[in-house]
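Undergrad:
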Amino acid sequence: MAYGIANHNGEEVEVVFSATGVVTDYGVYRSPTWIEWDNVAIDDLTILGVAVDVLKLPVDLQEAIYALADGLEFEQEDPDYD
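Residue numbers (the working numbering): 5 to 86.
1. How about Val27 and Asp48: do their beta carbons lie closer than 9 angstroms?
2. Which residue from Glu79, Ala45, Leu52 puts its Cα closest to that of Leu59?
3. Roughly how many whole angstroms lie between the Cα atoms of Glu81 and Pro62?
4. Along the chain, where does the beta strand (DSSP E) that runs through Ala68 open and close?
5. In terms of residue numbering, what span does the beta strand (DSSP E) encompassing Ser22 cover?
6. State yes or no: is the C-beta of Trp38 within less than 9 angstroms of the C-beta of Ala23?
7. By the three-class DSSP mapping on this structure, what secondary structure does Val58 have?
Here it is in structure tokens:
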């Protein structure tokens, strides 16, 4: 299992996303491998410089913010086991 982070830094909205990933391949010897990211979560959300709890937003707005993760490149990170 892999752990990844991606950032969306818009003019008015900044979001830190996290996701878990699984190393995937074509299932044949020596095929390339890649990570498929899943279980995307919002770790940090700032709107107009104010920290916001995403769970306190209307569902439609939550979905729009999660949609910002589409197309972002997740960077693999080591999980913090503190």
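Glycine included, every Cβ here is placed at the ideal spot set by N, Cα and C.
TA: Straight from the coordinates:
1. no
2. Ala45
3. 30 angstroms
4. Note, Ala68: premise wrong, no beta strand (DSSP E); alpha helix (DSSP H) at 63-71.
5. 17-29
6. no
7. helix
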